[in-house]
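Just below is one structure, and these are the notes that go with it.
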Amino acid sequence: MIRMKSASKPDSKSSRRRQMHARRRQQKLITNLIWGGLGIAVLTVVGVLVWQAVRPAAGEAVAVPANSDQHVAVGTPPGPYNTDPPTGGAHYAETLPAKFYEEADVASLPEYPQGYLVHNLEHGYVIFWYNCESSDDTDCGNLKEQIRGVMEEFDGFKVAAFPWKALDVPVAMTSWDRIQRFESFDPAQARAFVRANRNRAPEPNAP
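Straight run, no breaks: the sequence shown in this note's numbering ends on number 257.
Right, dumping it as structure tokens:
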């Protein structure tokens, strides 16, 4: 009687090969996942380090190039501006006096006071824009006192403060093409901003 050869051996070898290929694919997938995870972690760390290196520090401003420095007729809407409050742009040919403006002062000023204040910025002024609407009377009083204190340290020279209802933080400081926002006002950072940016403007020798 002729014995038939068993077909199980080739099948067994083929099965082992498939299992080996499957294990290799699985190991390769695991290796790729590990290296991919490490790569993401490295990129995250590098990104954080780069942000730490380039983010605006105390006294440094975010640069916001003005879209214009042209004069417009008094009474016409100035701007448009790239930021609110403005850091530059179309403005009037006149300026406002350097002082601390209270909310009650606004009613006596001409329309569109920002058109005048942007010209102040062009002369090298630093402006404190503040919004007390979301603060109680005590907080508002303290905020104003702190701003006044910083202004007095610079003898009121080319610094002004102005109430700005559109502001989404308590204080924002601007100079020409630069802005620094404060979630909580910091006099030390404010002083640094003035030192770094006052008279850093197209017409620093103008009064």
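Think of the CB as a built atom: it goes at the ideal place given N, C-alpha and C, for glycine as much as any other residue.
Fair warning: this is a prediction, and the values are worked out from it, not measured in the lab.
Give me the Cβ distance between residue i and residue j, rounded to the nearest whole Å; I'm assuming they're in contact under 8 Å.
i                 : j             : result
tryptophan 179    : threonine 133 : No, tryptophan 179 and threonine 133 are not in contact; Cβ-Cβ is about 10 Å, not under 8 Å.
alanine 148       : valine 200    : About 13 Å separates the two Cβ atoms, so there is no contact after all.
glutamate 161     : glycine 129   : The pair is not a contact, with the Cβ atoms about 13 Å apart (cut-off 8 Å).
phenylalanine 235 : leucine 193   : 6 Å
Taking a contact to mean a Cβ-Cβ separation below 8 Å, would you say residue i touches residue j in this structure?
i              : j              : result
tryptophan 214 : glycine 138    : no
valine 219     : arginine 231   : yes
valine 168     : histidine 141  : yes
proline 163    : alanine 222    : no
alanine 216    : isoleucine 197 : no
alanine 251    : histidine 173  : yes
valine 244     : valine 209     : yes
leucine 146    : tyrosine 131   : no
alanine 143    : histidine 121  : yes
Can you name the start and end residues of the beta strand (DSSP E) that residue i belongs to?
i                 : result
tyrosine 142      : Neither: tyrosine 142 is in no beta strand (DSSP E) and is coded neither H nor E.
proline 160       : Per DSSP, proline 160 belongs to no beta strand (DSSP E) and is neither H nor E.
proline 254       : No beta strand (DSSP E) contains proline 254, which DSSP labels as neither H nor E.
valine 176        : 176 to 180
serine 234        : Unbroken run through serine 234: none, as it is neither H nor E.
phenylalanine 207 : No beta strand (DSSP E) holds phenylalanine 207; DSSP gives it neither H nor E.
alanine 222       : 221 to 225
Mind checking which residues open and close the alpha helix (DSSP H) that includes residue i?
i             : result
glutamine 239 : 237 to 247
Taking DSSP as the reference, what is the three-state secondary structure of residue i?
i             : result
valine 200    : helix
valine 95     : Confidence in valine 95 is poor, its pLDDT being 45 and thus under 50, which makes the residue's placement too unreliable to answer from.
threonine 137 : coil
histidine 173 : coil
glutamine 120 : coil
threonine 126 : coil
alanine 107   : For alanine 107, the predicted structure reports a pLDDT of 46, less than 50, and the residue's modelled location is therefore unreliable. A value from the coordinates is still provided. In the structure shown, alanine 107 sits in coil (DSSP, three-state: anything other than H, G, I, E or B).
glutamine 69  : helix
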